[in-house]
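Quick note: the sequence shown uses our numbering, first residue 21, plus one each step.
Working notes, beginning with the structure itself.
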Amino acid sequence: MCELCLQHGEGKKWYEVMRNYSQELYSQNNREKYAQEFIANSQTSMLPMIEKMAEMKKHKPALYRPYRSIGTRYMKRNHIGQVVPLEDALQVLERAQSITRIPCVCRSAIKGVKNARYCFALGMDPFKVFGGFPELKGSLEVLTLEQAKALVAQFDQEGLVHSIWTFKTPFIGALCNCDQDCMAYKSTVSLEVMEVMYKAEYLAHIDPAECVGCRNCMKYCQFGAIEYSSLDQKCCVNLEKCYGCGLCRSGCKKDAVSIEAKALF
Ligand code: SF4
Ligand code: SF4
Ligand code: SF4
Numbered sequence: 021m022c023e024l025c026l027q028h029g030e031g032k033k034w035y036e037v038m039r040n041y042s043q044e045l046y047s048q049n050n051r052e053k054y055a056q057e058f059i060a061n062s063q064t065s066m067l068p069m070i071e072k073m074a075e076m077k078k079h080k081p082a083l084y085r086p087y088r089s090i091g092t093r094y095m096k097r098n099h100i101g102q103v104v105p106l107e108d109a110l111q112v113l114e115r116a117q118s119i120t121r122i123p124c125v126c127r128s129a130i131k132g133v134k135n136a137r138y139c140f141a142l143g144m145d146p147f148k149v150f151g152g153f154p155e156l157k158g159s160l161e162v163l164t165l166e167q168a169k170a171l172v173a174q175f176d177q178e179g180l181v182h183s184i185w186t187f188k189t190p191f192i193g194a195l196c197n198c199d200q201d202c203m204a205y206k207s208t209v210s211l212e213v214m215e216v217m218y219k220a221e222y223l224a225h226i227d228p229a230e231c232v233g234c235r236n237c238m239k240y241c242q243f244g245a246i247e248y249s250s251l252d253q254k255c256c257v258n259l260e261k262c263y264g265c266g267l268c269r270s271g272c273k274k275d276a277v278s279i280e281a282k283a284l285f
């Protein structure tokens, strides 16, 4: 289990605890102000900072290490994420006090696309949070639970990884649906400069008796966690690399892929 479950899970997964979605929690600790500042930073300084850290890691590793540790501690306190498979993402939506479809701030910062609406704000008032950004604010849309669930299921079919995000931990304020145009992916997976996104509480498993080695599942894995053996003519999961997103299941016509929960304690 992850640190978040240990600290905020009350003996279960931390995102199963209703308090972590509550308006009482949201109203504390200047969370709304933090969310406003986060949106501003995401559009200006975040991507350059990630790229600068990647440069430092390469050329000045001794200088980079303390930055990594300070940055990681800061993100754990304020804005940390965890991958969740579709079934848990749908349950997260059921626990949220309100759901608003919002533009993806990463795709805006990385690709300059301002209305890529892949994210959901949970229990926050995004009309206030995005107030200072007319170009982003224009596409906000309050959703019913059923509308939100249908969209997340559609994003899953499109191969997007679901993740939940805190705004001042442990308040869960967003459900994201991402590909690799994601600052969290860059930071944690591709550039490995800071760990800001935890793996899911699951691991994928491929049943060798059912696998016919077509390799279709590999196309669905954004984390490079599925390996093919030409000797066996089968695929298997690299458990060190697997993020437990469950997307590889969509790629398998033989029903050979499943996800299994990690032991909680
Ligand atoms: S975490 Fe994913 S969906 Fe959320 S803002 Fe970043 S790329 Fe967009
Ligand atoms: S898609 Fe299914 S059958 Fe094909 S390689 Fe992957 S696990 Fe095996
Ligand atoms: S192996 Fe499957 S569950 Fe694991 S990261 Fe890749 S797509 Fe996600």
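Every residue gets a Cβ at the ideal spot worked out from N, C-alpha and C, and that includes glycine.
Could you pull out every unbroken beta strand (DSSP E) segment of at least 3 residues lying fully inside the region 47-123, listed in chain order?
-> If we require 3 residues or more, the beta strand (DSSP E) runs fully inside the region 47-123 come out as 101-103, 119-122.
Which residues bound the alpha helix (DSSP H) around C126?
-> First-last of the alpha helix (DSSP H) with C126: 125-131.
Please name the residue, chosen from C237, C265, L267, that lies closest to K254 on a Cα-to-Cα basis.
-> Proximity to K254 across C237, C265, L267 peaks at C237, based on C-alpha coordinates.
Rounded separation between D227 and K157 - CA only = CA-to-CA, the gap between D227 and K157 works out to about 46 angstroms.
Just mark Q102 as buried or exposed, buried being the case when its beta carbon has 16 or more other beta carbons within 10 Å.
-> Flag for Q102 reads buried.
Roughly how many whole angstroms lie between the Cα atoms of Y240 and L267?
-> For the pair Y240 and L267, the Cα-to-Cα distance works out to about 6 angstroms.
The region 35-42 contacting the region 183-202, beta-carbon criterion three pairs below 8 angstroms = Touching, yes.
By DSSP, does K282 sit in helix, in strand, or in coil?
-> Coil at K282, not helix or strand.
Per DSSP, cross-strand counterpart(s) of N197 | Residue pairing for N197: DSSP places it in a beta bridge opposite H182.
Run the proximity test for A224: is its beta-carbon closer than 6 angstroms to any non-hydrogen atom belonging to ligand 3?
-> At least one heavy atom of ligand 3 sits closer than 6 angstroms to the Cβ of A224.
So, Y54 versus F187, is the Cβ gap smaller than 7 angstroms?
-> Against a cut-off of 7 angstroms, the Cβ pair of F187 and Y54 comes out as a contact.
Determine the direct distance from the alpha carbon of H182 to that of A173, and round the result to whole angstroms.
-> If you take the alpha carbons of A173 and H182, they lie about 10 angstroms apart.
The region 138-152 touching the region 256-264, judged by at least three CB pairs closer than 8 angstroms | Verdict: no, contact absent.
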